[in-house]
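In this note's numbering, the protein residues as written are 5 to 298. So the structure is just underneath, and the comments pick up after that.
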């Protein structure tokens, strides 16, 4: 899970950076048409504000021919061109190419009068070889009609828009990607440390038994002496713990009930017969025997 989050976040960051630099689209749309074969060039309704509310129209013809461009309502332009063949701009084939199609008319059809002299238009622009015209917020029902002398091929058309290039989504993409990367790394570190802290079941059992044994030894009282009965007599001897502690204190002997015991030697309980023989051979026993003889 941590790896997936980190990789996903990294991909988002990379994509965001690429779209903000290498793949960032141009802010200017400059779409042109091929040279028309008809005498008139018309934009379809809605094309002028297709990308932005401001559009610059460039109509150019070779050999400094007289170029005429008029702005009018779509219905008026169609009425003026009734029955005449023309080329129509219907949209964009790409960000740099206009989509066009030829509308075939009647063979014997013709227009009435000069294009620039008609009173059907809202505005007219003329020029030698080229006309540049910037339109602000044109209505969707307005169209442009361009021509030269009405018999030669119409001028080529280029439409230019300035488009906004929002980067808000790119920033959001990069921020979310960075958060996912940080979250993924954090989870990875957390799980790694947790795995290191977790022991195998057998190791846990060994540790538990060792702790239990340590507590048992700690809680058990330390015996300083031990008692043993030999030949009906009870002998009190120092315990191993008492001897060890005395040795650790640097003492060479340890005293129990007035009797000294060497700390370097572990006391050994004598056999029953040896104790009895010592008792029989002791002065008190001999004295008692002599008295009884007397």
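Ideal Cβ positions, reconstructed from N, Cα and C, are used throughout, including at glycine. The model shown is predicted, which means the values in this text are computed figures rather than measured ones.
_Residue range of the unbroken alpha helix (DSSP H) whose run includes residue 83_ = For the purposes of this step, residue 83 is taken as the residue at position 79 of the chain shown. Start and end: 78-84.
_Tell me whether the segment 88-108 and the segment 177-195 touch, counting them as touching only if at least three CB pairs, one residue from each stretch, are closer than 8 Å._
no
*Leaving aside the five residues before and after residue 270 along the sequence, list all residues of the same chain whose C-beta is less than 8 Å from its C-beta, in chain order.*
The residue labelled residue 270 in the question sits at position 266 within the chain shown. In this prediction, residue 270 scores a pLDDT of 49, lower than 50, which makes its location untrustworthy; no coordinate-derived value is stated.
*Is it the case that the Cβ atoms of residue 144 and residue 50 are separated by a distance below 8 Å?*
Residue mapping note: residue 144 aligns to position 140 of the chain shown, counting from 1. Residue mapping note: residue 50 aligns to position 46 of the chain shown, counting from 1. It is a contact, given that the beta carbons lie within the stated cut-off.
*Any chance you could list the beta strand (DSSP E) runs of at least 3 consecutive residues sitting entirely within the segment 60-138, in chain order?*
70-77, 90-98, 101-107, 127-132
*In angstroms, rounded to a whole number, what distance separates the CA positions of residue 156 and residue 43?*
Taking the first residue of the chain shown as position 1, residue 156 is located at position 152. Taking the first residue of the chain shown as position 1, residue 43 is located at position 39. In a straight line, the C-alpha of residue 156 is about 6 Å away from that of residue 43.
*Terminal residues of the continuous alpha helix (DSSP H) containing residue 19?*
The sequence position of residue 19 within the chain shown is 15, counting from 1. Element bounds for residue 19: 6-24.
_Relative to the C-alpha of residue 54, which candidate in 259, 265, 267, 164 has its C-alpha closest?_
Position 50 of the chain shown, counting from 1, holds the residue named residue 54. Comparing Cα-Cα distances from residue 54 to each of 259, 265, 267, 164, the minimum goes to 164.
*Buried or exposed: where does residue 10 fall if 16 or more other Cβ atoms within 10 Å of its Cβ makes it buried?*
Stepping through the chain shown from its first residue, residue 10 is reached at position 6. The residue in question, residue 10, is buried, as its Cβ has 16 or more Cβ neighbours within 10 Å.
_On the DSSP bridge list, what partners appear for residue 263?_
Taking the chain shown and counting its residues from 1, one reaches residue 263 at position 259. BP columns for residue 263 point to 260.
_Cutting at 8 Å between CB atoms, please list the residues of its own chain near residue 147, excluding the five before and the five after it._
By 1-based counting over the chain shown, the position of residue 147 is 143. 46, 47, 48, 49, 51, 52, 75, 76, 77, 78, 81.
*Would residue 272 be called buried (16 or more neighbouring beta carbons within 10 Å of its own) or exposed?*
If you number the chain shown from 1, residue 272 lands on position 268. Confidence in residue 272 is poor, its pLDDT being 48 and thus under 50, which makes the residue's placement unreliable; the coordinate value appears in the next sentence. The residue in question, residue 272, is exposed, as its Cβ has fewer than 16 Cβ neighbours within 10 Å.
*Just how far apart, CA to CA, sit residue 67 and residue 138?*
As a working note, residue 67 is residue 63 in the chain shown. As a working note, residue 138 is residue 134 in the chain shown. Straight-line Cα distance between these residues: approximately 24 Å.
*For residue 149, which three-state DSSP category applies?*
What you label residue 149 is simply residue 145 of the chain shown in a count that begins at 1. In the structure shown, residue 149 sits in a strand (DSSP, three-state: E or B).
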